[in-house]
Amino acid sequence: MTEFSYPYGSTKIATEDEFCRMMMWAAPDGVCASWSGPELRPTANGSGTVTVPPGEAFVRGQKYLNDADKQLTVPPNSTGATRLDYVVLRNDPPNDRITAEYKPGGTSLLPLVQSWNGVWEIPIGAGKMKPGAAGVQPEDMVDARWFTGWPVAPSIPTSRPAPYRDRMICENGVILTGTGTDWKVYDPFADTGWVNLVPNGSNADAWSPSGVSRIRCRDRRTELRLSVRRWATNGVGTADDDGSCVFNLAPQYRPPVEVLGFGYAQVARQTVIAVNVETGGDVRLRSLVADLPASRTVQAFLSWFIG
Numbered sequence: 562m563t564e565f566s567y568p569y570g571s572t573k574i575a576t577e578d579e580f581c582r583m584m585m586w587a588a589p590d591g592v593c594a595s596w597s598g599p600e601l602r603p604t605a606n607g608s609g610t611v612t613v614p615p616g617e618a619f620v621r622g623q624k625y626l627n628d629a630d631k632q633l634t635v636p637p638n639s640t641g642a643t644r645l646d647y648v649v650l651r652n653d654p655p656n657d658r659i660t661a662e663y664k665p666g667g668t669s670l671l672p673l674v675q676s677w678n679g680v681w682e683i684p685i686g687a688g689k690m691k692p693g694a695a696g697v698q699p700e701d702m703v704d705a706r707w708f709t710g711w712p713v714a715p716s717i718p719t720s721r722p723a724p725y726r727d728r729m730i731c732e733n734g735v736i737l738t739g740t741g742t743d744w745k746v747y748d749p750f751a752d753t754g755w756v757n758l759v760p761n762g763s764n765a766d767a768w769s770p771s772g773v774s775r776i777r778c779r780d781r782r783t784e785l786r787l788s789v790r791r792w793a794t795n796g797v798g799t800a801d802d803d804g805s806c807v808f809n810l811a812p813q814y815r816p817p818v819e820v821l822g823f824g825y826a827q828v829a830r831q832t833v834i835a836v837n838v839e840t841g842g843d844v845r846l847r848s849l850v851a852d853l854p855a856s857r858t859v860q861a862f863l864s865w866f867i868g
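In short: position in the sequence shown from 1, add 561, done, that's the numbering used here.
Here you go:
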């Protein structure tokens, strides 16, 4: 067994590989940016080229810098099948260079080459070439960048670094994440506690509380319990396609996709009521079986995950 440690006065870094092995852990492979930025994110316009904008990256522990738009030639797809291609940053140590390259594939993406003693590739884009096409359409070039990262750095409130999106800092045991414009406390298991609701939707004037309606978000799960009385002279009819908007929820409670649940209304026979929670926060009630007369109460319970 051989042990080797460096750098010291007696064991200096002597080779490129020694430097890269050390730097790969200090600067992981990836673009020096965040996903919201355009750095090194390839774009296509349907022609025979793809554009790689300026940016910086680390590849196999070595630095890459592109200071102007670079045009990459796209080979036409002469086959009868869709072709899946990569745009990569290719580190070629034997030739002392890192370059952005277009890497044609086949019916699947070709594997990335990552040989310590040879070429080392990381992806920055993935394109889809339609059969017989001479170029990649804009919507068919997707972001495939890896990103190098910062450690979670100690910070003080009076002297924070720039809030790059998804960067993290720690202040007195509290983690904050960058939004691109500001810092916010990061707590994936936050609990809002139960918050009472009063009708505030676009049709709020037709509803009043009947009991307590309330909402809570805990561990990224939202629970909504509603109990409201319809007091307008007209009811909620089965012909009312949009239903009646009782609440508009605050952003922290809104679902990532529309949620459908069911409740019931107190009439001569219990009537099923559909409850839709839209991504914009509107909570709508719809009658499914019979019209809902005025003065009747609707009760329902729904639950969904955030993110």
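Even for Gly, the Cβ is constructed at its ideal location relative to N, Cα and C.
- Going by beta carbons, Trp596 and Asp727 fall inside the 9 Å limit.
- Per DSSP, the continuous beta strand (DSSP E) segment holding Phe823 begins and ends at 820-826.
- In the DSSP annotation of this structure, the continuous segment of the alpha helix (DSSP H) that includes Trp586 starts and ends at 577-587.
- Within its own chain, the residues whose Cβ lies closer than 7 Å to the Cβ of Trp755, once the five positions on either side in sequence are excluded, are Arg775, Arg777, listed in chain order.
- Rounded to whole angstroms, Asp803 and Asn809 show a C-alpha spacing of 15 Å.
- In the DSSP assignment, Cys778 falls within the unbroken beta strand (DSSP E) covering 774-779.
- According to the DSSP assignment, Pro760 belongs to no beta strand (DSSP E), since it is labelled neither H nor E.
- Per DSSP, the continuous beta strand (DSSP E) segment holding Gly688 begins and ends at 681-690.
- When the five nearest sequence neighbours on each side are left out, the beta carbons in the same chain lying within less than 6 Å of the beta carbon of Leu849 are those of Val833, Ala835, in order along the chain.
- Under the 10 Å beta carbon count, Ala714 is surrounded by fewer than 16 other beta carbons and is classified as exposed.
- Note that the stretch 616-623 does not touch the stretch 636-647; fewer than 3 beta-carbon pairs, one per stretch, sit closer than 8 Å.
- By the C-beta criterion, the stretch 723-739 is judged not to be in contact with the stretch 695-704, since fewer than 3 inter-stretch pairs fall below 8 Å.
- When DSSP states are grouped into helix, strand and coil, Glu700 belongs to the helix group.
- For Gln813, the three-state secondary structure derived from DSSP is helix.
- Spatial neighbours of Glu682 in its own chain (CB-CB distance under 6 Å, excluding positions within 5 residues in sequence) are listed in chain order as Val649, Arg651, Leu673, Val674.
- If you check the CB distance, Pro599 and Tyr647 do not come in under 9 Å.
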